[in-house]
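There are 2 protein chains.
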Amino acid sequence: MTRERLAEMVERGLVTPTGLISHGRGEAYDYLMGERSTDAALEAEKAAAAYLLNADNPVICVNGNAAALDPEGLIRLAEAVPAKLEVNLFHRTPERMEGLISYLESKGAREVLGRDPDCRIQGLEHDRALCTSEGIYGSDVILVPIEDGDRAEALVSMGKKVISIDLNPLSRTSKAATVPICDEMSRALENIQRYLGELRGDHEAIIKTLDGFSNSENRRQTVECICASLKDGLDGGDD
Amino acid sequence: MTRERLAEMVERGLVTPTGLISHGRGEAYDYLMGERSTDAALEAEKAAAAYLLNADNPVICVNGNAAALDPEGLIRLAEAVPAKLEVNLFHRTPERMEGLISYLESKGAREVLGRDPDCRIQGLEHDRALCTSEGIYGSDVILVPIEDGDRAEALVSMGKKVISIDLNPLSRTSKAATVPICDEMSRALENIQRYLGELRGDHEAIIKTLDGFSNSENRRQTVECICASLKDGLDGGDD
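Rendered as structure tokens:
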């Protein structure tokens, strides 16, 4: 069903063909983690909720794949934090920008930034760097689902707390992020939202959750989970 | 470059959007194996060469992704064995069949089977089962690059020796195959061809290579290689 939806979004020009290949890479990791949120993913999702609650200007960054996969989940989380939504594309054209922002609006988003960029992400070339001062540029905590490594690293270099959703625990994005969530995007968004409810208003718990999180330890747990799943899968009948 | 070529083949209708997602899954495994032929892959590729040399009617099965990725490699191997080429599609339409066969012919293939199917692969429904008596149906050894699990299992059930090229060592295809090659297709084709040269004419070596190969032991080695690579990658700077 997800695959059909993505294929349809390619026809509408909102997802690129290379976006489909990228989605396939994610599917392979998701399969290796048993297509469920691992304990490591849940821990990262709780830390993400803590960072979002502790932020002054939290922003959720949306690209073509993310919008195609779960626009409602992105909008719900933005309202729950509350955080701003900004569309930011690797393959940026005015048509794709307008198409994706309109698509999110058609799904109920009240305000989507990105139409009128007035800033650039430092260290990135070309139109990929374009963003808004109100949103990405001025954010202190930023959630980037399915981000490319260059942009994730550039955002970290600008001093932002970066929460990534990327199924590959070894990607440059996962390595660079403050909180690397290795989980399927819809599950991740839902889990973060649940933890928002758990942590909201409890400043002590928020700070404890932030402080207790380690990128490298979390990714190590994810890798162990993948290896265990691979070894289990050797003899099972599962595809 | 490969990604651009696949995207172009989608525009021409020869590769399906879901074929791009499937390619992405393969890329993830290839990345986990260091984008090189592992020792386990080389062993399987040697066994594949032995089976092909020992065959009475060897056939190389070609689908949209395989044709898009490396038509020249497929044609070269077919000529080297020699083996027949047959196009066989999951999403079969007369236009895609004709398009792919013409594409292979434009790349120099002398004869490509599949235009006029007169048989069915037992145990498969719909048009996916269609094949030719001269080719797939009458084959004793069949090389299936990037095959789906159902068809690989059905071919094994018909008593054929199945050599698969599938980067996922846990897929139903890899589990069902006589020889599961977990390697990128172009590298696999090239390695098989090199082993053909090594083994040709040496009946004793051919039989020893066949007899010494174990599907489950080979896939176990592949999984160990992936786990080692994941653990190595945790601290490296590689993407």
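These protein sequence lines map, in sequence, to chains E and R.
The first sequence begins at 1 in this note's numbering and counts up by one.
The second sequence begins at 1001 in this note's numbering and counts up by one.
Where is the CB? At the ideal position from N, CA and C, for every residue including glycine.
Check your understanding: Taking only beta-carbon atoms, is E:S186 less than 9 Å away from chain R?
Key -> no
Exercise for review: Pull up the distance between the alpha-carbon of E:D239 and that of E:R120, whole angstroms please.
Suggested key: At E:D239 the pLDDT is 43, less than 50, meaning the model places this residue with poor confidence; the figure from the coordinates comes in the next sentence. Straight-line Cα distance between these residues: approximately 44 Å.
**Study point:** Beta-bridge partners of R:V1081, as assigned by DSSP
**Key:** DSSP lists no partner for R:V1081.
Practice item. Starting from E:H126, find everything on chain R with Cβ-Cβ shorter than 9 Å and list it in chain order. Key: The premise fails here: E:H126 is roughly 18 Å from chain R at the closest Cβ pair, so nothing lies under 9 Å.
Check your understanding: Does E:T16 have its Cβ less than 9 Å from a Cβ in chain R?
Key -> yes
Review point. Taking only beta-carbon atoms, is E:G24 less than 9 Å away from chain R?
Key: yes
Check your understanding: Among E:G13, E:G159, E:D183, E:K161, which residue has its Cα nearest to the Cα of E:P169?
Key -> E:D183
Check your understanding: Can you tell me the Cα-Cα spacing of R:G1159 and R:D1140, whole angstroms?
Key -> 8 Å
**Study point:** Sufficient close CB pairs (3 or more, under 8 Å) joining the region 1106-1124 of chain R to the region 1215-1229 of chain R
**Key:** no
Review point. For chain E, is any of its Cβ atoms less than 9 Å away from the one on R:I1021?
Key: yes
Exercise for review: Taking R:P1117 as part of the beta strand (DSSP E), name the residues at either end of that continuous run.
Suggested key: Per DSSP, R:P1117 belongs to no beta strand (DSSP E) and is neither H nor E.
**Study point:** For R:V1141, three-class secondary structure by DSSP
**Key:** strand
Point to revise | Between the CA atoms of R:P1117 and R:G1099 - distance to the nearest angstrom | key: 16 Å
Point to revise | Spatial neighbours of E:Q193 in its chain, beta-carbon cut-off 6 Å, leaving aside the 5 residues before and after | key: L77, A80
Review point. Using DSSP with H/G/I as helix, E/B as strand and the rest coil, what is R:R1220?
Key: helix
Practice item. Compute the Euclidean distance between the alpha carbons of R:Q1221 and R:L1085, then round it to the nearest angstrom. Key: 31 Å
Check your understanding: Just by C-beta distance, which residues in the region 197-227 of chain E are closer than 7 Å to chain R?
Key -> R219, R220, V223, I226, C227
Review point. From which residue to which residue does the alpha helix (DSSP H) around E:P169 run?
Key: Here E:P169 belongs to no alpha helix (DSSP H), and DSSP marks it neither H nor E.
Check your understanding: Got a sec: is the Cβ-Cβ distance from R:P1169 to anything in chain E below 9 Å?
Key -> yes
Check your understanding: Between E:L20 and R:P1094, is the Cβ-Cβ spacing less than 9 Å?
Key -> no
Practice item. Give every residue of the same chain whose Cβ lies closer than 7 Å to the Cβ of R:N1218, excluding the five residues on either side of it in the sequence, and list them in chain order. Key: A1040, E1043, A1044, P1180
Check your understanding: Can you name, in chain order, every residue of its own chain whose Cβ lies under 6 Å from the Cβ of R:L1189, other than the five neighbours on each side?
Key -> G1073, L1077
Exercise for review: Give the residues of chain E in contact with R:A1007, contact being defined as C-beta atoms less than 7 Å apart.
Suggested key: P17, T18
Exercise for review: Using the Cα positions of R:M1001 and R:E1008, report the straight-line distance between them to the nearest angstrom.
Suggested key: 11 Å
Practice item. Please decide whether R:E1027 counts as near chain E, where near means a Cβ-Cβ distance under 9 Å. Key: yes
Check your understanding: Grouping DSSP H, G and I as helix and E and B as strand, with all else coil, what is E:M1?
Key -> coil
Review point. For E:R3, which residues in chain R fall below 7 Å Cβ to Cβ?
Key: T1018, I1021
Exercise for review: In angstroms with no decimal places, state the Cα-to-Cα distance between R:V1156 and R:I1206.
Suggested key: 21 Å
Exercise for review: Locate the beta strand (DSSP E) running through E:I163, then write down its first and last residues.
Suggested key: 161-165
**Study point:** 7 Å Cβ cut-off: residues of chain E touching R:G1233
**Key:** L170
Review point. If you measure from the beta carbon of R:D1238 to each beta carbon in chain E, is any gap under 9 Å?
Key: Any answer about R:D1238 is weak, because its pLDDT of 43 lies below 50 and its placement is not dependable; what the coordinates show is given next. Closer than 9 Å: yes.
Check your understanding: Can you tell me whether R:P1082 is buried or exposed, with buried defined as 16 or more other CB within 10 angstroms of its CB?
Key -> exposed
Point to revise | Opening and closing residue of the beta strand (DSSP E) in which E:I101 lies | key: Where E:I101 is concerned, there is no enclosing beta strand (DSSP E), although the alpha helix (DSSP H) it sits in stretches over 94-106.
Review point. Got a sec, what are the start and stop residues for the alpha helix (DSSP H) R:V1156 sits in?
Key: 1149-1157
Point to revise | E:L77 CB to nearest heavy atom of the ligand GTP below 8 Å | key: As far as ligands go, the structure on display features none, and thus does not contain the ligand GTP.
Review point. Exposed or buried, which one is R:G1197 when buried takes at least 16 other CB atoms within 10 Å?
Key: exposed
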